[in-house]
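> Next up is a structure, given as structure tokens.
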Amino acid sequence: MTKSFLARNPSVLAFLLCLALFTLGVTVLSEGLGLNLVSTSFVKTLGKTLCLCLAAIAMDLVWGYCGILSLGHFAFFGLGGYAIGMWLMYERTRLIVVDSLANAPLPPTEQEIADAIGTQIFGVVGSAEFPPVWAFAHSLPLQLVMVVLVPGVLALVFGWLAFRSRVTGVYLSILTQAMTLALSLYLFQNDSGLRGNNGLSGLQNLPGLADTPQSLVSLWFFWASALALALGYLLAAWVVSGKLGSVIRGIRDDEARVRFLGYPVETFKLFVFTLTAIIAAIAGALYYPQAGIINPAEIAPIASIYLAVWVAIGGRGRLYGAVIGAAFVSLLSTFFTGGQAPDLNLGVYTVKWVDWWLVLLGLSFVLVTLFAPKGIGGLFDLAAGIRSPNRRGADLGPDQGSFREKEAET
Amino acid sequence: MTQLLEVSGVSVSFDGFKAINNLSFSIGPAELRAIIGPNGAGKTTFMDIVTGKTRPDEGSVLWGEEHVSLLGLSENRIAQAGVGRKFQRPTVFEDQSVFDNLMMALKKPRGPLATLLFRPSEADVARVGELAREIGLADALTRKSGELSHGQKQWLEIGMLLAQEPRLLLVDEPAAGMTLAEREHTTDILVEAAKTRAVVVVEHDMEFVRRLNCKVTVLHEGSVLAEGSLDHVTANKDVIDVYLGRG
């Protein structure tokens, strides 16, 4: 009981070691600093994947541990991306504008600069005015605060309303879907102030670093993503290792019982929901500068469903499962939809993976759910020789309990 | 002597069916009480009302020396005030070890932040060990509670209840599915607990109630039919009609 945190959780140390080795390996092989074996675009893909893994950890915390099947966490991911994207776009446009106006016979006034930036950014949606949501876009620190604050407050308010009225299960999932759909539809509008369906673009160019090659910038973001994933993993592991972990797993298995123990279940749910929303937002803020563009389609309901699919395939209720699921499925998805996978010629029909990938993903989701509910993470149990007794899906004990065999950890 | 819990004139109906009808009940701070009654007498609904799961249509539920009304408090607030409840079927957290189950129930601040930062002290670990000995699970601390036998789960839940250090224990059919030896042990635990706190036991089994050797309240159709010693109530004509008069 008195052992240190890492000693009690050997998988955390193993994970951090793997992540460090991976980061080092990619750096050594990279185009920017190393042997030029891994292209810049692939470094970006890997960096983005690390961000998705972080979002998957958030999803695992809220779903795998606390039992809230949120199908809206990609909304928070997207909001984080928008928040950082606003500063990136504003600042870069400002530098360009100042540069071009420097040649004018008269030095430009503040107002002229502001107008020129407005025209540059909002011309595409037929406007030149800065909407109120851009009030802090000129300042990086303020906008970084927004990365945490906006999704955090949205999650807090939404969660408070939903949990207070004791909405649970599939109804809550539908509610979170509705939230992300509403947000995405709102952002699609041109007068939402965030450039409608054009979204924010050119985010890969860091302001003031025009001379720095992308091969280097991509590595910076790759490192930052790896660091964020490591810290996020540590935080999540610490949160679930103590009594709070016990309580939220209790909430997942038998909410009413936890209530009769005296724990305010709604407050715990709200805490986990908001915490994971913030983790997802930070992941998004690191993801979109690597993607270069964000638009409302990114936070369409399907994105949040993918998140749940990754966690399910990786193995929910264990953090490394979520990471493995997100990395494995999203990289595979990049491979199949990027046109790199060779077509499969069946004689009568040629399978084009770009079209068939989703079918394959859906099928594997169904198969995993049916036959390997522990997901890929379950392979570690097999290797360690841990096996759940096969009671054909019946309860572990002789009596009707809260917990069934298929969900047993060990 | 002032009473710990005073329920007076409580009624509740579900879709027109009166589950509890003008029920009055009170119990002192260190008293053992058995509630018996046929199926549908309102025993479980009574517990639901006291623990805040069901809101009564009328009546009052007063608690403690200050006579605080429990109506309108949420379940977790009532639990924190000192009402512990054991369900009919054992509900322990099967995915977690016996140690974790007991540690979760141990009386500590219940807020998320306090829970997040909580690290068990030596005294807490010792207390959990002591409780485990009391309920005969000292060797099973690291086992998953889902692996325990039915009777052991019942005990674990009683242990969790004791860990909460409630002032009032509501126990629903604690002896269901237990062997004779296990029943005797359960009786001992309950009688011991009632020396320092109020314990209300809902039970079908007359033999078990006789062994508890305490005042008995008979419920029928949502109100109190008779109250007194077991011999007294079993001699009551109304009770005989309701309970035994099936012939």
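Residue numbers (the working numbering), protein chains in the order written: chain A, -11 to 398; chain B, 5 to 251.
No residue lacks a Cβ here, since even glycine has one placed at the ideal position from N, Cα and C.
This structure is a prediction, so every number in the text was calculated from the model and none was measured.
(1) Is it the case that the stretch 56 to 68 of chain A contacts the stretch 259 to 269 of chain A, given that we only count it when at least three CB pairs across the two stretches are under 8 angstroms?
(2) Does the distance from the CB of Met108 (chain B) to the CB of Gly238 (chain A) come in under 8 angstroms?
(3) Looking at the strands, I want to know which residues DSSP matches up with Gly232 (chain B).
(4) Quick check: the Cα distance between Gly381 (chain A) and Ala291 (chain A), rounded to an integer number of angstroms?
(5) Taking only beta-carbon atoms, is Gln92 (chain B) less than 8 angstroms away from chain A?
(6) Between which two residues does the beta strand (DSSP E) holding Leu77 (chain B) run?
(7) List the residues of chain C whose Cβ lies closer than 8 angstroms to the Cβ of Pro(-2) (chain A), in chain order.
(8) Would the stretch 112 to 131 of chain A and the stretch 174 to 190 of chain A be scored as touching if the rule is three or more Cβ pairs under 8 angstroms?
(9) Can you name the residues of chain A whose CB is closer than 9 angstroms to the CB of Leu83 (chain B)?
(10) Counting only runs that start and end within the stretch 9 to 53 of chain B, where is the beta strand (DSSP E) found for 3 or more residues in a row?
(11) Quick one: which chain B residues come within Cβ less than 7 angstroms of Asp48 (chain A)?
(12) Output, in sequence order along the chain, the residues in the stretch 227 to 244 of chain A whose CB is closer than 7 angstroms to any CB in chain B.
(13) How would you label Asp242 (chain A), buried or exposed, when you count the other beta carbons within 10 angstroms and need 16 or more for buried?
(14) Looking at chain A, which residues of the stretch 38 to 59 of chain B have a Cβ within less than 7 angstroms of any of its Cβ atoms?
(15) Quick check on DSSP: helix, strand or coil for Ala202 (chain B)?
(16) Would you please verify whether the beta carbon of Phe118 (chain A) is less than 8 angstroms from any beta carbon of chain B?
(17) Would you give the residue range spanned by the alpha helix (DSSP H) that Arg399 (chain A) belongs to?
(18) Quick one: what does DSSP say Asp192 (chain B) is sitting in, helix, strand or coil?
(19) Whole angstroms is fine: what's the gap from Asn(-3) (chain A)'s alpha carbon to Leu307 (chain A)'s?
(20) Provide the residue span of the alpha helix (DSSP H) that contains Lys257 (chain A), from first to last.
(21) Compare the Cα-Cα distances from Ile301 (chain A) to each of A:Trp226, A:Leu358 and A:Thr168 and report the closest residue.
(22) Thinking C-alpha only, which one of B:Glu188, B:Gly155, B:Ile53 and B:Tyr247 is nearest Asn217 (chain B)?
(23) Please check the pair Leu83 (chain A) and Gly196 (chain A), which I expect to be a contact at CB under 8 angstroms, by giving their CB distance rounded to whole angstroms.
(24) Taking the straight line between their C-alpha atoms, what separation do you get for Arg123 (chain B) and Leu332 (chain A)?
(25) Along chain A, which residues have their Cβ under 7 angstroms away from the Cβ of Arg114 (chain B)?
(26) Contact between the stretch 79 to 98 of chain A and the stretch 220 to 232 of chain A is defined here as three or more beta-carbon pairs at a separation below 8 angstroms; is this criterion met?
(27) What is the rounded straight-line gap between the Cα of Leu182 (chain A) and the Cα of Leu175 (chain A)?
(28) Does DSSP put Asp331 (chain A) in a helix, in a strand, or in coil?
(29) According to DSSP, is Ile56 (chain A) helix, strand or coil?
(30) Three-state secondary structure (DSSP) at Phe3 (chain A)?
(31) Does the separation of the CB atoms of Ile53 (chain B) and Pro42 (chain B) fall below 8 angstroms?
(32) Identify, in the order they occur along the chain, each residue of the same chain with its Cβ nearer than 6 angstroms to the Cβ of Leu25 (chain A), setting aside the five sequence neighbours on each side.
(33) Which first and last residues belong to the alpha helix (DSSP H) in which Leu223 (chain A) is found?
(34) Count the other CB atoms within 10 Å of the CB of Ala310 (chain A); is the residue buried (16 or more) or exposed (fewer)?
(35) Measuring CB to CB, does Tyr275 (chain A) end up less than 8 angstroms from Gly69 (chain A)?
(36) Anything in chain A within Cβ reach of Arg147 (chain B), meaning under 9 angstroms, just list it in chain order.
Taking the coordinates as given:
(1) yes
(2) yes
(3) B:Val220
(4) Note that Gly381 (chain A) has pLDDT 49, beneath the 50 cutoff, so the model's placement of it is unreliable and the number below is only indicative. Going by the C-alpha atoms only, they are around 31 angstroms apart.
(5) no
(6) Neither: Leu77 (chain B) is in no beta strand (DSSP E) and is coded neither H nor E.
(7) Protein chains in the displayed structure are A and B, and chain C is not among them.
(8) yes
(9) Note that residue 83 (chain B) corresponds to Ala in the displayed sequence, not to Leu. Chain A residues near Ala83 (chain B): Arg247, Phe248, Leu249, Gly250 and Tyr251.
(10) 9 to 18, 21 to 31 and 36 to 40
(11) By Cβ distance, chain B contributes nothing, its closest Cβ being about 15 angstroms from Asp48 (chain A), past 7 angstroms.
(12) Val227, Gly230, Lys231, Leu232, Ser234, Val235, Arg237, Gly238, Asp241 and Asp242
(13) buried
(14) Thr55
(15) strand
(16) no
(17) The displayed coordinates of chain A run from -11 to 398. Any statement about residue 399 (chain A) would go beyond what the structure contains.
(18) helix
(19) 11 angstroms
(20) Val253 to Ala279
(21) A:Leu358
(22) B:Glu188
(23) 7 angstroms
(24) 56 angstroms
(25) Gly250, Tyr251 and Pro252
(26) no
(27) 7 angstroms
(28) coil
(29) coil
(30) helix
(31) no
(32) Leu17
(33) Gln202 to Ser229
(34) buried
(35) yes
(36) Simply none; closest approach about 11 angstroms.
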